[in-house]
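Asks:
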Amino acid sequence: MKQCDSRTIDGLPILSPYKKAMDRVDAGLSLIRLHDPVRYRRLTRDLKRIWLRHLPGCIGRFDPPSWTCELDSRFVQDNETTTEMVAALIVHEATHARLWRHGIRYEENIRFDVEGVCIRREIAFSAKLPEGGLVRQRAARKLDALSNMDLSDAAKRKRLRERMEGTLRGIGMPQWIVKLLLDYGDWLHHRRLARATHRPAR
Numbered sequence: 013m014k015q016c017d018s019r020t021i022d023g024l025p026i027l028s029p030y031k032k033a034m035d036r037v038d039a040g041l042s043l044i045r046l047h048d049p050v051r052y053r054r055l056t057r058d059l060k061r062i063w064l065r066h067l068p069g070c071i072g073r074f075d076p077p078s079w080t081c082e083l084d085s086r087f088v089q090d091n092e093t094t095t096e097m098v099a100a101l102i103v104h105e106a107t108h109a110r111l112w113r114h115g116i117r118y119e120e121n122i123r124f125d126v127e128g129v130c131i132r133r134e135i136a137f138s139a140k141l142p143e144g145g146l147v148r149q150r151a152a153r154k155l156d157a158l159s160n161m162d163l164s165d166a167a168k169r170k171r172l173r174e175r176m177e178g179t180l181r182g183i184g185m186p187q188w189i190v191k192l193l194l195d196y197g198d199w200l201h202h203r204r205l206a207r208a209t210h211r212p213a214r
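Basically our numbering = 1-based index in the sequence shown + 12.
1. On the CB-based measure, 16 or more other CB atoms within 10 Å of its CB, does residue 14 come out buried or exposed?
2. Buried or exposed, going by whether 16 or more other CB atoms sit within 10 Å of the CB of residue 34?
3. Quick one: what does DSSP say residue 67 is sitting in, helix, strand or coil?
4. Indicate whether the contact test is met: 3 or more Cβ pairs, each with one atom in the segment 148 to 161 and one in the segment 52 to 69, closer than 8 Å.
5. Quick one: using the 10 Å Cβ neighbour count with 16 as the cut-off for buried, is residue 92 buried or exposed?
6. For the putative contact between residue 64 and residue 27, defined by C-beta atoms under 8 Å, what is the C-beta separation to the nearest angstrom?
7. Drop a sphere of 10 angstroms on the beta-carbon of residue 211, count the other beta-carbons inside from all chains shown, and report buried for 16 or more, exposed for fewer.
8. Report the CB separation of residue 109 from residue 81 in whole angstroms; it is logged as a contact under 8 Å.
9. Give me the Cα-Cα distance between residue 136 and residue 158, rounded to the nearest whole angstrom.
10. Rounding to the nearest angstrom, what Cα-Cα distance links residue 98 and residue 37 in this structure?
11. Based on the DSSP output, what are the partners of residue 27 in its beta bridges?
12. Any chance the CB of residue 150 is under 7 Å from a heavy atom of the ligand MN?
13. Of all the options 62, 146, 195 and 31, which has the alpha carbon lying nearest to the alpha carbon of residue 23?
14. Whole angstroms is fine: what's the gap from residue 219's alpha carbon to residue 74's?
15. What are the boundary residues of the alpha helix (DSSP H) that includes residue 113?
16. Using DSSP's beta-bridge definition, name the partner residues of residue 80.
17. Helix, strand or coil: which one does DSSP assign to residue 131?
18. To the nearest angstrom, how far is the alpha carbon of residue 53 from that of residue 191?
19. Taking 8 Å as the cut-off, decide whether the C-beta atoms of residue 94 and residue 146 are in contact.
20. Considering only their Cβ atoms, is the gap separating residue 181 from residue 288 smaller than 8 Å?
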């Protein structure tokens with residue numbers, strides 16, 4: 013995070029090396045504040061920061077140890093990504109933070125239920141937007157597909173590892189360095205998961 017530029021919006025730091033990404037998040041937050049002020053006040057309390065970076069394998073995640081909403085900078089900056097989509101993604105990840113704050117973790121046995129809650133919050137948010145149709149359709153498709161998804165830790169790590177390996181090989185990284193980085197990523201994941209599981213809610 014130290015190499016990122018930052019701005020603070022209503023007490024919530026936004027970090028990114030890309031001005032366009034921060035502008036997009038700023039616009040998304042403004043949309044939430046305007047059309048769903050109650051949800052906006054909650055997310056500014058539940059999150060400590062929003063960090064835009066390259067996220068292999070996903071477009072957003074909530075990091076419990078740091079109470080950070082992490083967004084994929086490529087998705088946020090994509091010309092096909094609307095302000096409503098950015099706002100809905102923030103709502104989704106902020107819902108994870110709110111659940112975590114109330115003691116509802118992300119254990120495998122309740123993972124489908126947790127994701128279902130977060131997607132339904134996207135749908136509820138979309139109903140408040142003047143142009144919420146696309147967000148609502150995307151969320152409805154995710155909800156329909158949820159039952160067929162493998163959300164186990166092993167499956168998630170396997171997908172992430174495959175995508176990271178493809179990315180590293182694509183930039184010409186030697187295989188031994190690729191393996192070293194992937195193995196370190198696995199170790200770091202298990203360490204963070206262990207810390208998060210035992211972290212008390214704020």
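Every residue, glycine too, gets a C-beta built ideally from N, C-alpha and C.
Replies: This is what the structure gives:
1. In this prediction, residue 14 scores a pLDDT of 48, lower than 50, which makes its location untrustworthy; no coordinate-derived value is stated.
2. Around the CB of residue 34, 16 or more other CB atoms lie within 10 Å, so the residue is classed as buried.
3. Reduced to three states, the DSSP call for residue 67 is coil.
4. The segment 148 to 161 makes no contact with the segment 52 to 69, as fewer than three CB pairs between them are under 8 Å.
5. Residue 92 should be labelled exposed.
6. Confirmed, Cβ separation roughly 7 Å.
7. With a pLDDT of 47 at residue 211, under the threshold of 50, the modelled position of that residue is not reliable, and no figure is offered here.
8. Indeed, because the Cβ distance is near 7 Å, the residues count as touching under 8 Å.
9. Going from the Cα of residue 136 to the Cα of residue 158 covers about 17 Å.
10. The alpha-carbon atoms of residue 98 and residue 37 are separated by roughly 7 Å.
11. Beta-bridge pairing by DSSP links residue 27 to 18 and 63.
12. What this structure holds is no ligand at all, so the ligand MN is not there to describe.
13. For the residues 62, 146, 195 and 31, the minimum Cα distance to residue 23 belongs to 62.
14. The structure shown does not extend to residue 219, since the chain spans only 13 to 214, so no value can be given for it.
15. From DSSP, the alpha helix (DSSP H) with residue 113 extends over 95 to 113.
16. Beta-bridge pairing links residue 80 to 61 and 75.
17. Of the three classes helix, strand and coil, the one that applies to residue 131 here is helix, per DSSP.
18. Residue 191 has its alpha-carbon roughly 43 Å from the corresponding atom of residue 53.
19. Their beta carbons are under 8 Å apart, which means residue 94 touches residue 146 by this criterion.
20. A query on residue 288 cannot be resolved here, the shown segment of the chain reaching from 13 to 214 and no further.
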